[in-house]
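Residue numbers (our numbering), protein chains in the order written: chain A, 18 to 382; chain B, 18 to 382. All residues carry an ideal CB built from backbone N, CA and C; glycine is no exception. Since the model is a prediction, treat every value here as computed from it, not as a measurement.
Protein chains: 2
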Amino acid sequence: MREHGCPEEDLFSFLSSKRREDLGYHKILSSMCTPPHPIAARAHALFLETNLGDPGLFPGTVALEELLVERLGTLMHHPEAGGYATSGGTESNIQALRIAKKLKPVSSPNIVVPASGHFSFQKACDILGLEMRVAPLDANFRVDAEAAGDLVDKNTVALVGIVGTTEYGMIDPIAALSDIALDRDVFLHIDAAFGGLVVPFLDHPVPFDFELPGVASISVDPHKMGMGTIPAGCLLVRDPSCFASLNVETPYLTVKRECTLTGTRPGASVAAAVAVLEYLGMDGMRAVVAGCMENTRRLIEGMETIGCQRAVSPDVNVATFSCDRAPPGWRVSRTRAGHMRIVCMPHVTRDVIEAFLKEMGEIYA
Amino acid sequence: MREHGCPEEDLFSFLSSKRREDLGYHKILSSMCTPPHPIAARAHALFLETNLGDPGLFPGTVALEELLVERLGTLMHHPEAGGYATSGGTESNIQALRIAKKLKPVSSPNIVVPASGHFSFQKACDILGLEMRVAPLDANFRVDAEAAGDLVDKNTVALVGIVGTTEYGMIDPIAALSDIALDRDVFLHIDAAFGGLVVPFLDHPVPFDFELPGVASISVDPHKMGMGTIPAGCLLVRDPSCFASLNVETPYLTVKRECTLTGTRPGASVAAAVAVLEYLGMDGMRAVVAGCMENTRRLIEGMETIGCQRAVSPDVNVATFSCDRAPPGWRVSRTRAGHMRIVCMPHVTRDVIEAFLKEMGEIYA
Numbered sequence: 018m019r020e021h022g023c024p025e026e027d028l029f030s031f032l033s034s035k036r037r038e039d040l041g042y043h044k045i046l047s048s049m050c051t052p053p054h055p056i057a058a059r060a061h062a063l064f065l066e067t068n069l070g071d072p073g074l075f076p077g078t079v080a081l082e083e084l085l086v087e088r089l090g091t092l093m094h095h096p097e098a099g100g101y102a103t104s105g106g107t108e109s110n111i112q113a114l115r116i117a118k119k120l121k122p123v124s125s126p127n128i129v130v131p132a133s134g135h136f137s138f139q140k141a142c143d144i145l146g147l148e149m150r151v152a153p154l155d156a157n158f159r160v161d162a163e164a165a166g167d168l169v170d171k172n173t174v175a176l177v178g179i180v181g182t183t184e185y186g187m188i189d190p191i192a193a194l195s196d197i198a199l200d201r202d203v204f205l206h207i208d209a210a211f212g213g214l215v216v217p218f219l220d221h222p223v224p225f226d227f228e229l230p231g232v233a234s235i236s237v238d239p240h241k242m243g244m245g246t247i248p249a250g251c252l253l254v255r256d257p258s259c260f261a262s263l264n265v266e267t268p269y270l271t272v273k274r275e276c277t278l279t280g281t282r283p284g285a286s287v288a289a290a291v292a293v294l295e296y297l298g299m300d301g302m303r304a305v306v307a308g309c310m311e312n313t314r315r316l317i318e319g320m321e322t323i324g325c326q327r328a329v330s331p332d333v334n335v336a337t338f339s340c341d342r343a344p345p346g347w348r349v350s351r352t353r354a355g356h357m358r359i360v361c362m363p364h365v366t367r368d369v370i371e372a373f374l375k376e377m378g379e380i381y382a
Numbered sequence: 018m019r020e021h022g023c024p025e026e027d028l029f030s031f032l033s034s035k036r037r038e039d040l041g042y043h044k045i046l047s048s049m050c051t052p053p054h055p056i057a058a059r060a061h062a063l064f065l066e067t068n069l070g071d072p073g074l075f076p077g078t079v080a081l082e083e084l085l086v087e088r089l090g091t092l093m094h095h096p097e098a099g100g101y102a103t104s105g106g107t108e109s110n111i112q113a114l115r116i117a118k119k120l121k122p123v124s125s126p127n128i129v130v131p132a133s134g135h136f137s138f139q140k141a142c143d144i145l146g147l148e149m150r151v152a153p154l155d156a157n158f159r160v161d162a163e164a165a166g167d168l169v170d171k172n173t174v175a176l177v178g179i180v181g182t183t184e185y186g187m188i189d190p191i192a193a194l195s196d197i198a199l200d201r202d203v204f205l206h207i208d209a210a211f212g213g214l215v216v217p218f219l220d221h222p223v224p225f226d227f228e229l230p231g232v233a234s235i236s237v238d239p240h241k242m243g244m245g246t247i248p249a250g251c252l253l254v255r256d257p258s259c260f261a262s263l264n265v266e267t268p269y270l271t272v273k274r275e276c277t278l279t280g281t282r283p284g285a286s287v288a289a290a291v292a293v294l295e296y297l298g299m300d301g302m303r304a305v306v307a308g309c310m311e312n313t314r315r316l317i318e319g320m321e322t323i324g325c326q327r328a329v330s331p332d333v334n335v336a337t338f339s340c341d342r343a344p345p346g347w348r349v350s351r352t353r354a355g356h357m358r359i360v361c362m363p364h365v366t367r368d369v370i371e372a373f374l375k376e377m378g379e380i381y382a
């Protein structure tokens, strides 16, 4: 550390110069995050000093966390769902698998995860000592439910389905997975970190949530399509009592026990998450999602016109293409199978799409 | 969710009403958090949309994380320390133990933790499948190093020492633990989540960090005495290469692998953490810590004058007393052994101490 402090003006000149080295979101087509909605930023600032890790001190902020869980639970067809605001999809996935592991104490536990599963499942398995069995995908990059079922055995503590896969934006056949889960009595966790705030707002939403009786838990991230601030994830469970298995005793806090993965937890990003949902309502979210889906369709159509074929017709706002060059300055990403991948987040407006297509057209002319 | 959105004015009227239900920090004497320094709040806002989970998009923010690690590593006498900004002490402790477990693959791994250890060690052991061996404390609530050493066996993957215990504010005999760690070839993790930003600024700091050759990793939280924003922890390791054992591959991101526990990670609270350290420098931090320690001494003296005896003379700014009643409105906490506990954070000013002592005096008159 410096011996003497740095004057505020010099410090912020330095910080601003660093901030300018970051890319602006307007050319980022590869991220499942997006700049926070202005409502989120305002709510975040209002709750900046709050700590949900010591709930007795911040009962108003706790009420907002409860409201977030209630709103998302209701959206997922289960107003009585248990839940809490996590640091994001990885914590949600770890905690869901931790619950599942405790519910079925076997000596060599395994989980069955689609090959399209987010890498956080590898982390979770490494941490929790779970064997990860990878279920193959069908030609449309959705999990093959029958093959997944075949991987389930007496040591399987959880089966995973994905709503809005990271690479191709697909929705797994959750209804079929739900049937398997009920039939084989296995915990079904739905990773809807991305799609959980897309699918309910589509014109024709497919069932993927607690409406399906086999679904035991759902991960959904307000800091992705919820346009919240980072970090804001949410883990929802059908049976609120299953969090009890994660409790540790917490002497010297205002509560006696806690089930969260982290201790000190920001209230700011939770307030921001709930603020956006309240501000927009179902109507507003439908409009945002309709825009993203329309832009995704326009992007696919435009790309195919210039000779870049879609890899698949996506279920949510992630588009993938058989082409390898992107114009300079733009950030696209690449799937493991080598497709160009673009996430049509809210900041990827129609104008952005047209500008990108124009430059792509020049490359592929 | 609501069908129709809520007007901004009504929404913020609601949010503000919830915020008012939270307690103000001025009467919170029980927390290891404190309102963010104004510099932290300003830096946080500047970096609100950044995501360290996708570093290639935010190279300027990544440089600030590297600067934070360098500053804290240097403060801990090891400028070449490896490290990253965690979500807080719990993640830091989990990750340190995860590294230790990987370094020594045994079939029934255990760790040795002081009885004063934070409850996050219970979480970490539960998650990682580690046996937690609890080392007893001496009469001054510091771990009995010899007893801790006696608990170490061939299956011990880590030994833990604490710098600034949560309940009594004590510093374990880290030099003795370091000797044991070297002698028995065991990974020594120091939980300095609280004390890591206190001890280096004391008039007579005791050695507790990488200066001691047996120390392998250190947890230190800018969101506690660093007056940063939540979430901001930091895990430092002597050997940067040991993070490699935690890596998972990260297709479709701008980097190829990541070793962090979470995926999407806020840049805002990292910028805030480093901003406070740069703004204050060693001088400024020494002044903050000197004030907190002076207030701690004044509190103890004042409490003893009215008949509430100290439980112990603390090493850092946590004071504990043999008395059971506190004046209404004030939030103090209680240790497992039943002592009243007060953390003299920066918001607990001399005026706050005097006001509290006055009301205590009226109760105990």
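At 7 angstroms on the CB atoms, spell out the chain A contacts of Cys50(B), in chain order. Within the second sequence, residue 50(B) is the residue found at index 33, counting from 1. Neighbours of Cys50(B) on chain A, chain order: Asn68, Thr281.
On the DSSP bridge list, what partners appear for Asp208(B)? Start at 1 with the first residue of the second sequence, and residue 208(B) comes out as number 191. The partner list for Asp208(B) (beta bridge, DSSP) reads Ile179(B), Ser236(B).
**Request:** Please decide whether Thr337(B) counts as near chain A, where near means a Cβ-Cβ distance under 8 angstroms.
**Result:** Walking along the second sequence from the start, residue 337(B) turns up at place 320. Thr337(B) does not count as touching chain A.
**OP:** For my contact list, Val272(A) and Pro72(A) are in at a C-beta cut-off of 8 angstroms; report their separation, rounded to the angstrom.
**Re:** Along the first sequence, one-based indexing puts residue 272(A) at 255. Along the first sequence, one-based indexing puts residue 72(A) at 55. Confirmed, Cβ separation roughly 5 angstroms.
With 8 angstroms set as the bound, which would you pick, yes or no: does the beta-carbon of Gly301(A) sit closer than that to a beta-carbon of chain B?
Counting from one through the first sequence, the residue named residue 301(A) turns up at place 284. At least one chain B Cβ lies under 8 angstroms of Gly301(A).
Quiz item: How close, in whole Å, do the beta carbons of Leu65(B) and Ala58(A) come, if the pair is a contact with beta carbons under 8 angstroms?
Solution: Numbered from 1 along the second sequence, position 48 holds the residue referred to as residue 65(B). Numbered from 1 along the first sequence, position 41 holds the residue referred to as residue 58(A). Right, the Cβ-Cβ distance comes to about 6 angstroms (below 8 angstroms), so this counts as a contact.
Discussion item. Would Gly250(A) and Glu163(A) qualify as a contact pair, given that the criterion is a beta-carbon distance under 8 angstroms?
Written reply: Locating residue 250(A) in the first sequence gives position 233, where the first residue counts as 1. Locating residue 163(A) in the first sequence gives position 146, where the first residue counts as 1. Not in contact: Gly250(A) and Glu163(A) (Cβ atoms no closer than 8 angstroms).
Stretch pair the segment 215-233 of chain B + the segment 81-100 of chain B: three plus CB contacts closer than 8 angstroms: yes
Pull up the distance between the alpha-carbon of Pro344(A) and that of Arg367(A), whole angstroms please. Numbered from its first residue, the first sequence carries residue 344(A) at position 327. Numbered from its first residue, the first sequence carries residue 367(A) at position 350. Each residue's alpha carbon lies about 17 angstroms from the other.
Are the segment 204-219 of chain A and the segment 232-248 of chain A in contact at 8 angstroms, needing three or more beta carbon pairs? yes
* Asked: Under 8 angstroms, do Val305(A) and His43(A) count as touching if we go by C-beta distance?
  -> Walking along the first sequence from the start, residue 305(A) turns up at place 288. Walking along the first sequence from the start, residue 43(A) turns up at place 26. Against a cut-off of 8 angstroms, the Cβ pair of His43(A) and Val305(A) comes out as no contact.
(message) So, under 8 angstroms CB-CB, Asp332(B) and Ile188(B) are touching, yes? Tell me the CB distance rounded to an integer number of Å.
(response) Working through the second sequence from its first residue, we reach residue 332(B) at position 315. Working through the second sequence from its first residue, we reach residue 188(B) at position 171. That pair is a contact at about 4 angstroms.
query = Under a CB-based cut-off of 8 angstroms, is Ser234(B) close to chain A?
reply = The residue you call residue 234(B) lines up with position 217 of the second sequence. By this cut-off, Ser234(B) is not an interface position.
Residues of chain B with CB under 9 angstroms from Thr267(A), in chain order?
For the purposes of this step, residue 267(A) is taken as residue 250 along the first sequence, with counting starting at 1. Correct list: Phe136.
Check your understanding: Should His221(A) be labelled buried (16 or more other beta-carbon atoms within 10 Å of its own) or exposed?
Key -> Sequence index remark: in the first sequence, residue 221(A) carries index 204 (1-based). It is exposed - the Cβ of His221(A) has fewer than 16 other Cβ atoms within 10 Å.
- request: Can you say whether Gln326(A) is buried or exposed, counting buried as having 16 or more other CB atoms within 10 angstroms of its CB?
  value: Stepping through the first sequence from its first residue, residue 326(A) is reached at position 309. Classification for Gln326(A): exposed.
Please state whether DSSP places Cys251(A) in a helix, a strand or coil. Your numbering for residue 251(A) matches position 234 in the first sequence. Note: Cys251(A) maps to strand in three-state DSSP.
Going straight from the alpha carbon of Ala80(A) to that of Gly231(B), what length do you get? Here residue 80(A) refers to the residue found at position 63 of the first sequence. Here residue 231(B) refers to the residue found at position 214 of the second sequence. Answer to the nearest angstrom: the Cα atoms are 45 angstroms apart.
Under the three-state DSSP convention, the category Ala58(A) falls into: Start at 1 with the first residue of the first sequence, and residue 58(A) comes out as number 41. It is helical.
Kindly list, in the order they appear in chain A, the residues whose Cβ is closer than 7 angstroms to that of Ile144(B). As a working note, residue 144(B) is residue 127 in the second sequence. Those are Arg115, Ile144, Leu145, listed as they occur along chain A.
Q) Going by DSSP, what residues sit across from Gly213(A) in a beta bridge? A) Taking the first residue of the first sequence as position 1, residue 213(A) is located at position 196. According to DSSP, which records beta bridges pairwise, Gly213(A) is partnered with nothing at all.
### Query
Helix or strand or just coil, what does DSSP make of Tyr101(B)?
One-based indexing of the second sequence puts residue 101(B) at position 84. Note: Tyr101(B) maps to strand in three-state DSSP.
| Residues in the segment 296-325 of chain A having any Cβ partner in chain B nearer than 9 angstroms | Tyr296, Leu297, Gly298, Met299, Asp300, Gly301, Met302
Requested in this report: With a 10 Å radius around its C-beta and 16 neighbouring C-beta atoms as the bar for buried, classify Thr279(B) as buried or exposed.
Outcome: By 1-based counting over the second sequence, the position of residue 279(B) is 262. Thr279(B) is buried by the Cβ-count criterion.
Q.
Using a 10 Å radius around the Cβ and a threshold of 16 neighbouring Cβ atoms, would you call Glu184(A) buried or exposed?
A. If you number the first sequence from 1, residue 184(A) lands on position 167. Glu184(A) is buried by the Cβ-count criterion.
- Is Met357(A) close to chain B, meaning its C-beta is less than 8 angstroms from at least one C-beta of that chain? Start at 1 with the first residue of the first sequence, and residue 357(A) comes out as number 340. Not closer than 8 angstroms to any Cβ of chain B, the Cβ of Met357(A) fails to qualify, so no.
Look at Cys23(A) and Gly298(B) and say whether their C-beta atoms are less than 8 angstroms apart. As a first step, residue 23(A) is located in the first sequence; it is residue number 6 there, counting from the start. As a first step, residue 298(B) is located in the second sequence; it is residue number 281 there, counting from the start. Yes.
### Query
Out of Ser133(B), Ala372(B), Ala290(B), which has the shortest C-alpha to C-alpha gap to Ala156(B)?
Here residue 156(B) refers to the residue found at position 139 when the second sequence is read from its first residue. Taking only the C-alpha atoms, the option nearest Ala156(B) is Ser133(B).
(request) Would you mind working out which of Arg88(B), Asp196(B), Ser48(B) sits nearest Ile359(B), comparing C-alpha positions? (result) By 1-based counting over the second sequence, the position of residue 359(B) is 342. Among Arg88(B), Asp196(B), Ser48(B), the Cα nearest to that of Ile359(B) is on Ser48(B).
Check your understanding: Around the Cβ of Ala290(A), are there at least 16 other Cβ atoms within 10 angstroms (buried) or fewer (exposed)?
Key -> Taking the first residue of the first sequence as position 1, residue 290(A) is located at position 273. With 16 or more Cβ atoms within 10 Å of its Cβ, Ala290(A) is classed as buried.
Next on the checklist: Helix, strand or coil, according to DSSP, for Glu87(A) in the structure here?
Outcome noted: The sequence position of residue 87(A) within the first sequence is 70, counting from 1. Looking at Glu87(A) - three-state DSSP - the assignment turns out to be helix.
Interface positions of the segment 182-215 of chain B facing chain A (Cβ-Cβ less than 7 angstroms), listed along the chain = Thr183, Glu184
Margin query: Against chain B, with Cβ distances strictly below 8 angstroms, would Phe75(A) count as a contact?
Written below: Taking the first sequence and counting its residues from 1, the one referred to as residue 75(A) is at position 58. True, the Cβ-Cβ gap to chain B drops below 8 angstroms.
**Prompt:** With Pro126(A) and Val174(A) assumed to form a contact (beta carbons below 8 angstroms), what rounded beta-carbon distance in angstroms separates them?
**Reply:** In the first sequence, the residue the question calls residue 126(A) occupies position 109. In the first sequence, the residue the question calls residue 174(A) occupies position 157. The Cβ separation is near 5 angstroms, so the contact holds.
- Mind checking Arg115(A): buried by the 16 CB within 10 Å criterion, or exposed? On the first sequence, residue 115(A) is found 98 positions in, with the first residue counted as 1. Burial call: buried.
Practice task
Give the C-beta separation of Val265(B) and Arg255(B) to the nearest angstrom, bearing in mind that I take them to be a contact with Cβ-Cβ under 8 angstroms.
Solution key: By one-based count along the second sequence, residue 265(B) stands at place 248. By one-based count along the second sequence, residue 255(B) stands at place 238. That pair is no contact at about 23 angstroms.
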